[in-house]
Amino acid sequence: MSLIEMMILGFLSERSMCGYELRKKMEQLQGYARKFSDGAIYPATNRLVEAGLISEQASIRDGRQRRVFTLLGAGRAKLIDELKSISGFNLTDSTRWTVVLTFLSVVPDKTDRDAVLRRRYDLLNGHDVHFFYCDAGNPLSAEQIDDPYRKGIITVHDAQIAAELEWLRSMLEM
C-alpha cells in the first residue's frame, strides 16, 4: 500500500471527505515534506474504490460538485492489517513513521499497537546512525567535528532519537 493510500484510508477512518478535504489533511500532516496534487490523490482514490476499500458518492457542497469518499469495512480492515504489519521503510523513514503513528490508534488491539511500537524501539535502540566518517572509514562523533553545522546535524539527530526512545519506553511501560 502506498503512503498516499494509507493516509486516505486513515483520514477516512475519521469521517467521510471529498478529495479537496483529503488533500488539505494530507498537506497538514506532510506539507513540510511535500505537496499533494489532485493528480496524486484521485488516481489513488480510484484504486481504492475499485478495490472495494472506499465508496464514492457525488454530492453538491457549497454549490460545487464534490466526490465524497467513505471508508468501507474492507478498507478499515486493510488499514488495520497494514498498520499491524508495518516494517521496512515505513518503520525506518521518519516521514513515513509519522503517518503510521497518526493512524495507529485505528488498530483496536493494544497488543498489536505495542508490537509496532516495539519494532520501532528495537530499530532505534539497536541502530547507531553516523553521518560523517574520517578518512580511515571510522564514524565521527559530534565532539570530533569542528564544523558547527555538521555538529548540529548530529546533535539534533541524537536528541530526537533520545526523545523518541523515552516516549516509546513510556508507551511500552518499560
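Numbering (our numbering), first residue to last: 8 to 181. Ideal Cβ positions, reconstructed from N, Cα and C, are used throughout, including at glycine.
- For Val75, the three-state secondary structure derived from DSSP is strand.
- As summarised for the stretch 81-158, the continuous alpha helix (DSSP H) elements at least 4 residues long and confined to that stretch are 96-99, 101-110 and 117-133, given in chain order.
- Contact check for Phe43 and Arg30: beta-carbon distance about 5 Å, within the 8 Å limit, so the pair qualifies.
- By the Cβ rule, the stretch 50-69 counts as touching the stretch 9-24, because three or more pairs are nearer than 8 Å.
- By the C-beta density criterion, Gln37 is buried, having at least 16 other C-beta atoms within 10 angstroms.
- When the Cα atoms are used, Leu55 and Ile87 turn out to be separated by approximately 15 Å.
- About 11 Å separates the Cβ atoms of Arg126 and Leu179, ruling out a contact at the 8 Å cut-off.
- Judged by their CB atoms, Val75 and Leu90 are not nearer to each other than the 8 Å cut-off.
- In the displayed model, Ala58 falls within coil according to three-state DSSP, outside both helix and strand.
- In the DSSP assignment, the residues bridged to Met24 are Phe76.
- Of all alpha-carbon atoms in Ser92, Cys141 and Ala143, the one lying nearest the alpha-carbon of Thr118 is that of Ser92.
- Between Ala149 and Thr162, the gap from beta carbon to beta carbon is short of 8 Å.
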